[in-house]
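> Below is the structure I would like to discuss, written out as structure tokens.
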Amino acid sequence: QYSGQLHEVREMMNQVEGQQKNLVHAIESLPGSGPLTALDQDLLLLKATSAATLSCLGECLNLLQQSVHQAGQPSQKPGASENILGWHGSKSHSTEQLKNGTLGSLPSASANITWAILPNSAEDEQTSQPEPEPNSGSELVLSEDEKSDNEDKEETELGVMEDQRSIILHLISQLKLGMDLTKVVLPTFILEKRSLLEMYADFMAHPDLLLAITAGATPEERVICFVEYYLTAFHEGRKGALAKKPYNPIIGETFHCSWEVPKDRVKPKRTASRSPASCHEHPMADDPSKSYKLRFVAEQVSHHPPISCFYCECEEKRLCVNTHVWTKSKFMGMSVGVSMIGEGVLRLLEHGEEYVFTLPSAYARSILTIPWVELGGKVSINCAKTGYSATVIFHTKPFYGGKVHRVTAEVKHNPTNTIVCKAHGEWNGTLEFTYNNGETKVIDTTTLPVYPKKIRPLEKQGPMESRNLWREVTRYLRLGDIDAATEQKRHLEEKQRVEERKRENLRTPWKPKYFIQEVTLPPVIGPLPRRELVLRG
56 QYSGQLHEVR EMMNQVEGQQ KNLVHAIESL PGSGPLTALD QDLLLLKATS
106 AATLSCLGEC LNLLQQSVHQ AGQPSQKPGA SENILGWHGS KSHSTEQLKN
156 GTLGSLPSAS ANITWAILPN SAEDEQTSQP EPEPNSGSEL VLSEDEKSDN
206 EDKEETELGV MEDQRSIILH LISQLKLGMD LTKVVLPTFI LEKRSLLEMY
256 ADFMAHPDLL LAITAGATPE ERVICFVEYY LTAFHEGRKG ALAKKPYNPI
306 IGETFHCSWE VPKDRVKPKR TASRSPASCH EHPMADDPSK SYKLRFVAEQ
356 VSHHPPISCF YCECEEKRLC VNTHVWTKSK FMGMSVGVSM IGEGVLRLLE
406 HGEEYVFTLP SAYARSILTI PWVELGGKVS INCAKTGYSA TVIFHTKPFY
456 GGKVHRVTAE VKHNPTNTIV CKAHGEWNGT LEFTYNNGET KVIDTTTLPV
506 YPKKIRPLEK QGPMESRNLW REVTRYLRLG DIDAATEQKR HLEEKQRVEE
556 RKRENLRTPW KPKYFIQEVT LPPVIGPLPR RELVLRG
């Protein structure tokens, strides 16, 4: 009803935008040295926050404009002249990057895409890249060589140092709200000392809960067991509250590990009667024959866009998990958001069941002070065969008040429209489950036993395995030598760029070592299949 006033608001926004551009120009025109420079912390903060504020107000104006059109003309779409009322502000470069062919290699959304794990046959081993690249050689991965991982993954709980704050402020001042950060080089000191591929493995720190899914007597018990495992999987992937970024995997990079789970610890959590164990306990079986073996392999199969695939299986329990993840990050003012696009499939071969699941987004908050991580978004778990599904919501903290790390979940039997289980709590704290028969159960993620990964020593790893590949960067980060770590990281990334240009010149597509991409076109008649990138063993 006040649509006329939006014209005045837009005019005012245009004036402010011009003033903000003049402000940025004035700051960037300052000398590089002297009492007041273009890198003065207060000026950089002013430049960054003014741009973020203006973009936020622009989004608010667009929302108001949309609500006016919906209220006044419910059956019509705004014409070209009406769109002029909206304030568009400075556009992000992320859309332009997508149009310039960054995603051109991906099939259309109407195709069914599958990443299948390559069979280990003699014929496949003879197939190699056109040139002897790091992943083309045969690599024998022996689980007998694996040792319990005793590396300390805890990250130093420190805020941003003053000299580092200037670098972050300078970087922020160059970014625009919503900009895709895929091609932005971030400072080395914000890195944690592990690859993203290893972080995915750390989500498997409670393999007893994963293997217990197969022990469920009914489809209802199995889907609830999976939801229980899913909600407890994320806390161990984050070491401490400090928000640090794992290494971006190099294309062709791999990570191998395994877990040994004592058989007497694998039982459905709903009926388990064992006493709580300390999170510092490392449960191990004295006799390997009395334990299940869970194997894990991950590989970076694409650089643009960055896609990781991982596959884990327990042959004895006839269980496997196949997952692909495209990590897409964007700048959000004083925080960074990372969308984990893709899906995973848990297969229970004994029961013929497949559980398709998605992953939440992650957010690094307060990046100028003491950065911290929270998860957010709505994820789904579906089993087409049994008709059971689950919806999990990771709640982000409200701007004013509210709790952090909240999560809620609901398990439903779709054919009867029955809610069989509800859960609420914190994904890195206490979770309470309520079942449809009135029973309740509490799981404290901080007291769950953590099973250490078994990993081969560096001297037995191939050149493209994560820890061996990043060993020098990790070593210098531990020593606190940021410059040397940055140089080693730059060397790895430049090598990747050189090899990528070489493949482009030869018009030779990258060929992953363990996975192949399968594309199945949809039928001419009938509904389009869901977009799928999964791993099959």
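For any residue, its number in the numbering used here is found by taking its place in the sequence shown, counting from 1, and adding 55.
Yeah, the Cβ is synthetic: ideal placement off N, Cα and C, and Gly gets one too.
All values derive from a computational prediction rather than experimental measurement.
To the nearest angstrom, how far is it from the Cα of Arg530 to the Cα of Glu514?
Counting from one through the sequence shown, the residue named residue 530 turns up at place 475. Counting from one through the sequence shown, the residue named residue 514 turns up at place 459. Computed Cα separation, rounded: 15 Å.
> Hey, out of Asn437, Ser416, Gly407 and Val391, whose CA is closest to Pro426's CA?
Looking up residue 426 in the sequence shown gives position 371. The option with the nearest alpha carbon to Pro426 is Val391.
> Assuming Lys509 and Ser313 are in contact, meaning their beta carbons sit under 8 Å apart, how far apart are those beta carbons, in whole angstroms?
Translated into the one-based positions of the sequence shown, residue 509 becomes position 454. Translated into the one-based positions of the sequence shown, residue 313 becomes position 258. Right, their Cβ atoms sit about 5 Å apart.
> Using a threshold of 8 Å, state whether the C-beta atoms of Ala445 and Ala464 are closer than that.
In the sequence shown, counting from the first residue as 1, residue 445 sits at position 390. In the sequence shown, counting from the first residue as 1, residue 464 sits at position 409. In contact: Ala445 and Ala464 (Cβ atoms closer than 8 Å).
> I'd like to know whether the C-beta atoms of Gln543 and Glu527 end up nearer to each other than 8 Å.
Looking up residue 543 in the sequence shown gives position 488. Looking up residue 527 in the sequence shown gives position 472. In contact: Gln543 and Glu527 (Cβ atoms closer than 8 Å).
> In whole angstroms, what is the alpha-carbon distance linking Thr501 and His290?
To locate residue 501, count along the sequence shown from 1; it is residue 446. To locate residue 290, count along the sequence shown from 1; it is residue 235. Computed Cα separation, rounded: 9 Å.
> So, with DSSP's three-state summary, where would you put Met389?
Here residue 389 refers to the residue found at position 334 of the sequence shown. Residue state, collapsed to three classes: coil.
> Considering just the uninterrupted stretch of the alpha helix (DSSP H) at Thr541, what are its terminal residues?
Locating residue 541 in the sequence shown gives position 486, counting from the first residue. Per DSSP, Thr541 belongs to the alpha helix (DSSP H) from Ile537 to Leu561.
> Skipping 5 residues on each side, what residues in its chain have a beta carbon closer than 7 Å to that of Leu532?
Within the sequence shown, residue 532 is the residue found at index 477, counting from 1. Contacts found: Leu246, Lys248 and Ala540.
> For Val278, count neighbouring Cβ atoms within 10 angstroms of its own Cβ and tell me buried if that reaches 16, exposed if not.
On the sequence shown, position 223 is the one that residue 278 refers to. With 16 or more Cβ atoms within 10 Å of its Cβ, Val278 is classed as buried.
> On the three-state DSSP scale, how would you describe Thr495?
Locating residue 495 in the sequence shown gives position 440, counting from the first residue. Strand.
> On the DSSP letters alone, give me the boundaries of the beta strand (DSSP E) that Leu85 sits inside.
What you label residue 85 is simply residue 30 of the sequence shown in a count that begins at 1. From DSSP, Leu85 is part of no beta strand (DSSP E); its letter is neither H nor E.
> Among the residues of its own chain, which have a CB less than 8 Å from the CB of Ile396, if the five just before and after it don't count?
Here the question's residue 396 lines up with position 341 in the sequence shown. The residues are Val380, Trp381, Thr382 and Lys383.
> Taking just the CA atoms, how far does Phe281 sit from Glu275?
What you label residue 275 is simply residue 220 of the sequence shown in a count that begins at 1. What you label residue 281 is simply residue 226 of the sequence shown in a count that begins at 1. Using only the alpha carbons, I get a separation of about 10 Å.
> With H, G and I counted as helix, E and B as strand and the rest as coil, what does DSSP make of Phe351?
Your numbering for residue 351 matches position 296 in the sequence shown. Phe351 falls in the strand class under three-state DSSP.
> Secondary structure at Met395, three-state DSSP: helix, strand or coil?
On the sequence shown, residue 395 is found 340 positions in, with the first residue counted as 1. Correct three-state label for Met395: strand.
> Using three-state DSSP, classify Lys102 as helix, strand or coil.
The residue given as residue 102 occupies position 47 in the sequence shown. It is helical.
> Note down the Cα distance separating Pro507 from Asp257, rounded to an integer number of angstroms.
Locating residue 507 in the sequence shown gives position 452, where the first residue counts as 1. Locating residue 257 in the sequence shown gives position 202, where the first residue counts as 1. For Pro507 and Asp257, the distance between alpha carbons rounds to 9 Å.
> What's the C-alpha gap between Ala417 and His358?
As a first step, residue 417 is located in the sequence shown; it is residue number 362 there, counting from the start. As a first step, residue 358 is located in the sequence shown; it is residue number 303 there, counting from the start. Distance between the alpha carbons of Ala417 and His358 is about 20 Å.
> Considering only the beta carbon of each residue, do Phe40 and Val434 sit closer than 8 Å?
Summary: the structure shown does not reach residue 40, with the chain confined to residues 56 through 592, and so no result is reported for it.
> Taking the straight line between their C-alpha atoms, what separation do you get for Asn155 and Glu548?
Numbered from 1 along the sequence shown, position 100 holds the residue referred to as residue 155. Numbered from 1 along the sequence shown, position 493 holds the residue referred to as residue 548. With a pLDDT of 29 at Asn155, under the threshold of 50, the predicted position of this residue should be treated as unreliable, and no value is reported.
> Which of the three DSSP states, helix, strand or coil, is assigned to Arg373?
Along the sequence shown, one-based indexing puts residue 373 at 318. In this structure, Arg373 counts as coil in the three-state DSSP scheme.
> When you compare only the Cα positions, how much space is there between Glu408 and Ser363?
Walking along the sequence shown from the start, residue 408 turns up at place 353. Walking along the sequence shown from the start, residue 363 turns up at place 308. Cα-Cα distance, rounded: 24 Å.
> Can you list, in chain order, the residues of its chain with a C-beta nearer than 6 Å to that of Arg402? Leave out the 5 residues immediately preceding and following it.
As a working mapping, residue 402 is identified with position 347 in the sequence shown. Closer than 6 Å at Cβ, skipping near neighbours: Cys375 and Glu409.
> Compare the C-alpha of Val386 against each of Ala419, Val553, Asn303 and Lys467 and name the closest.
Your numbering for residue 386 matches position 331 in the sequence shown. The sequence given here has Phe at residue 386, not Val. Of Ala419, Val553, Asn303 and Lys467, the residue nearest in Cα terms is Ala419.
> Start and end of the beta strand (DSSP E) containing Arg249?
As a working mapping, residue 249 is identified with position 194 in the sequence shown. Unbroken beta strand (DSSP E) run through Arg249: Leu246 to Ser250.
> Looking only at C-alpha atoms, which of Tyr347, Tyr285 and Ala353 sits nearest to Glu308?
Counted from its first residue, the sequence shown places residue 308 at position 253. Ranking Tyr347, Tyr285 and Ala353 by Cα distance to Glu308 puts Ala353 first.
> When you compare each of Ile306, Tyr366, Ser394 and Leu94 to Lys566 by their alpha carbons, which one comes out closest?
Looking up residue 566 in the sequence shown gives position 511. Here the closest residue by C-alpha is Ile306.
> Need the endpoints of the alpha helix (DSSP H) that Phe488 sits in, please.
For the purposes of this step, residue 488 is taken as residue 433 along the sequence shown, with counting starting at 1. Premise fails: Phe488 lies in the beta strand (DSSP E), Thr485 to Tyr490, not in any alpha helix (DSSP H).
> Where do the N-terminal and C-terminal ends of the alpha helix (DSSP H) with Ala478 fall, by residue?
As a first step, residue 478 must be located in the sequence shown, where it is residue number 423. Ala478 -> not in any alpha helix (DSSP H); beta strand (DSSP E) instead, spanning Thr473 to Glu481.
> Does DSSP put Ser444 in a helix, in a strand, or in coil?
If you number the sequence shown from 1, residue 444 lands on position 389. Looking at Ser444 - three-state DSSP - the assignment turns out to be strand.
> On the CB-based measure, 16 or more other CB atoms within 10 Å of its CB, does Lys568 come out buried or exposed?
Residue mapping note: residue 568 aligns to position 513 of the sequence shown, counting from 1. Its Cβ being crowded by 16 or more others within 10 Å, Lys568 is buried.
> Nearest-angstrom Cα distance between Thr489 and Ile498?
In the sequence shown, the residue the question calls residue 489 occupies position 434. In the sequence shown, the residue the question calls residue 498 occupies position 443. Looking at the two C-alpha atoms, the distance is approximately 12 Å.
> Rounded to whole angstroms, what is the Cα-Cα separation between Asp538 and Leu561?
Stepping through the sequence shown from its first residue, residue 538 is reached at position 483. Stepping through the sequence shown from its first residue, residue 561 is reached at position 506. For Asp538 and Leu561, the distance between alpha carbons rounds to 35 Å.
> Report the three-state DSSP secondary structure of Tyr531 (helix, strand or coil).
For this step, residue 531 is matched to residue 476 along the sequence shown. Looking at Tyr531 - three-state DSSP - the assignment turns out to be helix.
> Assign Lys372 to one of two classes, buried (16 or more other C-beta atoms within 10 Å of its C-beta) or exposed (fewer than that).
One-based indexing of the sequence shown puts residue 372 at position 317. With 16 or more other Cβ atoms within 10 Å, it is buried.
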